[in-house]
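Engineer:
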Amino acid sequence: MADFKERRFSIDPGKGKKMDGCPYSVFEDGRDVQEYIIPPHGYVFKGFRFDPDASNQIYDGKLIAIYEKESFNQKMMSQLWKFILAFAIIAVIAIIAILAAGVFKDPSPKPNRPANEPASAVQAQELEPSAAIDSTATETGAQENPSVAQTLPAVTEPEVTEIQEEEPSQPVTEDPNVQFKQAFWTLIHQRTILMDSYDTLFKDNKGKVEGDEYDYLRYTILQNSSAFKTWTGKLQKIPVTELESINTVNDLKNKIKEIE
Numbered sequence: 001m002a003d004f005k006e007r008r009f010s011i012d013p014g015k016g017k018k019m020d021g022c023p024y025s026v027f028e029d030g031r032d033v034q035e036y037i038i039p040p041h042g043y044v045f046k047g048f049r050f051d052p053d054a055s056n057q058i059y060d061g062k063l064i065a066i067y068e069k070e071s072f073n074q075k076m077m078s079q080l081w082k083f084i085l086a087f088a089i090i091a092v093i094a095i096i097a098i099l100a101a102g103v104f105k106d107p108s109p110k111p112n113r114p115a116n117e118p119a120s121a122v123q124a125q126e127l128e129p130s131a132a133i134d135s136t137a138t139e140t141g142a143q144e145n146p147s148v149a150q151t152l153p154a155v156t157e158p159e160v161t162e163i164q165e166e167e168p169s170q171p172v173t174e175d176p177n178v179q180f181k182q183a184f185w186t187l188i189h190q191r192t193i194l195m196d197s198y199d200t201l202f203k204d205n206k207g208k209v210e211g212d213e214y215d216y217l218r219y220t221i222l223q224n225s226s227a228f229k230t231w232t233g234k235l236q237k238i239p240v241t242e243l244e245s246i247n248t249v250n251d252l253k254n255k256i257k258e259i260e
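Residue numbers (the numbering used here): 1 to 260.
#1: To which residues of the same chain is Glu242 closer than 8 angstroms at the C-beta, ignoring the five residues directly before and after it?
#2: Would you kindly report the start and end of the unbroken beta strand (DSSP E) that includes Gly233?
#3: With Tyr67 and Gly16 assumed to form a contact (beta carbons below 8 angstroms), what rounded beta-carbon distance in angstroms separates them?
#4: May I have the straight-line CA-CA distance separating Trp185 from Ile259, to the nearest angstrom?
#5: Tell me the residue span of the beta strand (DSSP E) that contains Val44.
#6: How many angstroms separate the CA atom of Gln236 from the CA atom of Trp81?
#7: Where do the ends of the alpha helix (DSSP H) carrying Lys206 lie?
#8: For Lys257, name the three-state secondary structure that DSSP assigns.
#9: Figure out for me which residue from His41, Lys46, Phe27 and Phe48 has the closest Cα to the Cα of Asp60.
#10: In chain order, what residues of the same chain have a beta carbon less than 6 angstroms from the beta carbon of Ser10, not counting five sequence neighbours either side?
#11: Report the residue from Glu6, Lys5, Lys46 and Arg8 whose alpha carbon sits nearest the alpha carbon of Gly14.
#12: What residues are listed by DSSP as bridge partners for Asp12?
#13: Cβ of Glu213 within 9 angstroms of Cβ of Val249?
#14: Can you check which of these residues, Ile98, Lys18, Asn56 and His41, is closest to Gln34 by C-alpha distance?
#15: Taking the alpha-carbon positions, what's the Gly30 to Ile95 distance?
#16: Roughly how many angstroms separate the alpha carbons of Cys190 and Asn247, rounded to a whole number?
#17: Find the nearest neighbour of Leu194 within the set Gly233, Asp175 and Phe180, judged by alpha-carbon distance.
#18: Identify whether Lys5 lies in helix, strand or coil by the three-state DSSP scheme.
#19: Roughly how many whole angstroms lie between the Cα atoms of Phe180 and Asp204?
#20: If we ignore side chains and look at the alpha-carbon of each, how far apart do Ile98 and Ile84 end up?
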């Protein structure tokens, strides 16, 4: 019985986009990655078109997403939830306004003032007894002991402290080689086995960085699908505690040779 060889197809979203972390597909029709495709506005996703892409040594081909114009009925259904949400918000605001008007309305009627009675007399009647007593006691105390009024502390206004706005700090530009090495060793220490993760790191830094990590990624890890599978198998055999202490390509090569 012939050995089964898993096929890998890269994903091209075409006019649309694909979600972060979209893996490669193992099916020629892309059925296992359809949920990662984001169609452009006004279009719906219809499937994939297979492109052999014989020049690509990593994948067995490329799947290009295809779309079609969204129909009027589909557009209305997709917008329906917005109308429902707007109606619900308006209804809630109206209910809150009605309840607030009932709570803050003063139920007690105001006393009617006779037309011939001056306003000062009505105000005097509305004063509470305690307020009148406090006023009388204050005046009496001030007359009997004039020094009390002189010794009362003066009312000082609170000091206003000016708040100085801090100037925004300037963004720190970091060497792309340093960023690349950090991302590379993060994948190694996490024992990542998805080829797309290494392939994305390589494409994002192609022509921008150099060094042992970049050469090892390009010529060893991403040599081809078969070599990548063999390499990840050996990487998985390295204990986590030992792998986290490896930070140079030479140490990594020597450790993988020990496993052979």
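Think of the CB as a built atom: it goes at the ideal place given N, C-alpha and C, for glycine as much as any other residue.
The structure presented is a predicted model; accordingly, all values stated were derived computationally and were not measured.
Structural biologist: Walking through what the data contain:
#1: Correct list, in chain order: Lys255.
#2: Premise fails: Gly233 lies in the alpha helix (DSSP H), Ser225 to Lys237, not in any beta strand (DSSP E).
#3: Your pair Tyr67 and Gly16 checks out as a contact, with CB atoms roughly 6 angstroms apart and the cut at 8 angstroms.
#4: CA-to-CA, the gap between Trp185 and Ile259 works out to about 20 angstroms.
#5: Val44 -> beta strand (DSSP E) spans Tyr43 to Asp51.
#6: Between Gln236 and Trp81, the C-alpha separation is close to 48 angstroms.
#7: Element bounds for Lys206: n/a, residue is neither H nor E.
#8: Shown here, Lys257 sits in a helix according to DSSP, grouped into three states.
#9: Taking only the C-alpha atoms, the option nearest Asp60 is Phe27.
#10: Counting only Cβ-Cβ distances below 6 angstroms, and skipping sequence neighbours, we find Tyr24, Tyr59 and Lys62.
#11: Minimum Cα distance to Gly14 is reached at Lys46.
#12: DSSP links Asp12 through a beta bridge to Ile64.
#13: Yes, the pair counts as a contact, with Cβ atoms nearer than the cut-off.
#14: If we check each option's Cα against that of Gln34, Lys18 comes out closest.
#15: Rounded to the nearest angstrom, the two C-alpha atoms are 50 angstroms apart.
#16: The question names Cys, but residue 190 in the sequence shown is Gln. Going from the Cα of Gln190 to the Cα of Asn247 covers about 13 angstroms.
#17: Measuring C-alpha to C-alpha distances from Leu194 to each of Gly233, Asp175 and Phe180 identifies Gly233 as the nearest.
#18: In the three-state reduction of the DSSP assignment, Lys5 falls in the coil class.
#19: Between the alpha carbons of Phe180 and Asp204 lies a gap of roughly 9 angstroms.
#20: Answer to the nearest angstrom: the Cα atoms are 21 angstroms apart.
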